[in-house]
Amino acid sequence: QLQLQESGPGLVNPSETLSLTCIVSGDSVSSSNYYWAWVRQPPGKGLEWIASIKYSENTYYKSSLRSRVTISVDTSQNQLSLSLSSVTAADTAVYYCARLWVTAQSGNFFDYWGQGTLVTVSS
Amino acid sequence: MLMTQSPATLSVSPGERATLSCRASQIVTSKLAWYQQRAGQAPRLLIYGASTRATGIPARFTGSGSGTEFTLTISSLQSEDSAVYYCQYEGTFGQGTKLEIK
């Protein structure tokens, strides 16, 4: 059974860099079948895709966040990471990691999700 | 790309049927997914490819549509169906429909 578990700092100061990790169990982040992704949700609002990665292949970023975001995988730890720089209060959100299934016929969809980690940007 | 869901809120009695809509601003063929998010929980994949139920999803959940117009129908509503439902195409989510069970 695939499980994803996010971890993060909880509280980040404005203008600093937010770093998140997601430990994956039950699958490998180097799998050739799937992408891995980060999605966030500001309090009381909807879902926003941030970035996706497939090991040794492509990375994709939301255009409005591209200049501040880095997504990566660590195969030795079987984990996914996200770095978001120059954070503001608008980056306050629950951050989810998810497995992204990319298919030719059925499209791209997130089939497994972590429970999420709340990050608050405040001094 | 814009995904527009309607209505914003829907209130339905137990045992009845709920119909949720999602409209894409351009043609997405059948490449649409639906998610359920209960309060305080992570989203859960319900439907992908517009009409294929994900593993473990009851047959009460039915997805339909293609092109730009899509529908999620939930029949025989139960209290546990109270949640926000999102549609998604690639990196874009709709704003969600909140389903309340009376």
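Going down the list, the sequences are from chains P and B.
The first sequence begins at 1 in our numbering and counts up by one.
The second sequence begins at 1001 in our numbering and counts up by one.
Virtual Cβ for every residue (Gly too), placed ideally from N, Cα, C.
No experiment lies behind these values; they were computed from the predicted model shown.
Beta-bridge pairing of residue i - partner residues as DSSP gives them
i: SER1079 (chain B); result: Per DSSP, none; premise fails for SER1079 (chain B).
i: LEU84 (chain P); result: P:LEU18 and P:VAL69
i: GLN79 (chain P); result: P:ILE23 and P:ASP74
i: ARG1017 (chain B); result: ARG1017 (chain B) is not bridged to any residue.
i: GLN979 (chain B); result: Residue 979 (chain B) falls outside the range modelled here, since chain B spans only 1001 to 1102, and no answer is possible.
Chain B contact for residue i (CB, 7 Å cutoff)
i: TYR96 (chain P); result: yes
i: LEU47 (chain P); result: yes
i: GLY26 (chain P); result: no
i: GLN1 (chain P); result: no
i: TRP38 (chain P); result: no
i: GLN5 (chain P); result: no
i: GLN115 (chain P); result: yes
is_contact[residue i, chain P] using C-beta, thresh 7 Å
i: GLU1090 (chain B); result: yes
i: LYS1031 (chain B); result: yes
i: LEU1045 (chain B); result: yes
i: TYR1048 (chain B); result: yes
i: GLY1096 (chain B); result: yes
i: ALA1024 (chain B); result: no
i: ALA1008 (chain B); result: no
i: ALA1042 (chain B); result: yes
C-beta contact flag for residue i and residue j at 7 Å
i: LYS1102 (chain B); j: SER1013 (chain B); result: yes
i: TYR1086 (chain B); j: ALA1024 (chain B); result: no
i: GLY8 (chain P); j: VAL121 (chain P); result: no
i: VAL73 (chain P); j: TYR55 (chain P); result: yes
i: PHE109 (chain P); j: ALA1050 (chain B); result: no
i: SER83 (chain P); j: THR70 (chain P); result: yes
i: LEU2 (chain P); j: TYR95 (chain P); result: no
Segment limits, beta strand (DSSP E) that includes residue i
i: LYS1098 (chain B); result: 1097 to 1101
i: ARG1060 (chain B); result: ARG1060 (chain B) -> no beta strand (DSSP E), and no H or E assigned at all.
i: GLN1037 (chain B); result: 1033 to 1037
i: MET1003 (chain B); result: 1003 to 1006
i: ILE956 (chain B); result: Outside the shown range of chain B (1001 to 1102) lies residue 956 (chain B), about which nothing can therefore be said.
i: GLY107 (chain P); result: 107 to 113
i: ALA90 (chain P); result: Unbroken run through ALA90 (chain P): none, as it is neither H nor E.
i: VAL29 (chain P); result: Looking at the DSSP string, VAL29 (chain P) is not in any beta strand (DSSP E), and its letter there is neither H nor E.
i: GLN3 (chain P); result: 3 to 7
i: TYR60 (chain P); result: 59 to 61
i: LEU47 (chain P); result: Note, LEU47 (chain P): premise wrong, no beta strand (DSSP E); not H, not E.
i: SER970 (chain B); result: In the structure as shown, chain B starts at 1001 and stops at 1102, and residue 970 (chain B) therefore has no counterpart that could be examined.
i: THR117 (chain P); result: 117 to 121
i: THR1073 (chain B); result: 1069 to 1074
i: TYR165 (chain P); result: Shown here, chain P extends from 1 to 123; a query on residue 165 (chain P) therefore has no answer.
What are the residues of the stretch 97 to 110 of chain P that lie near chain B, defined by any Cβ-Cβ distance shorter than 7 Å?
-> For the stretch 97 to 110 of chain P, which is checked against every Cβ of chain B, the residues closer than 7 Å are GLN105, SER106, GLY107, ASN108, PHE109 and PHE110.
Chain B contacts from the stretch 55 to 67 of chain P (Cβ-Cβ distance under 8 Å) | Residues passing the 8 Å Cβ filter: TYR60 and LYS62.
Mind checking the stretch 1067 to 1093 of chain B against chain P and listing, in chain order, the residues whose C-beta falls within less than 9 Å of any C-beta there?
-> For chain P, the residues of the stretch 1067 to 1093 of chain B that bring a beta carbon within less than 9 Å of one of its beta carbons are VAL1084, TYR1086, GLN1088, TYR1089, GLU1090, GLY1091, THR1092 and PHE1093, in chain order.
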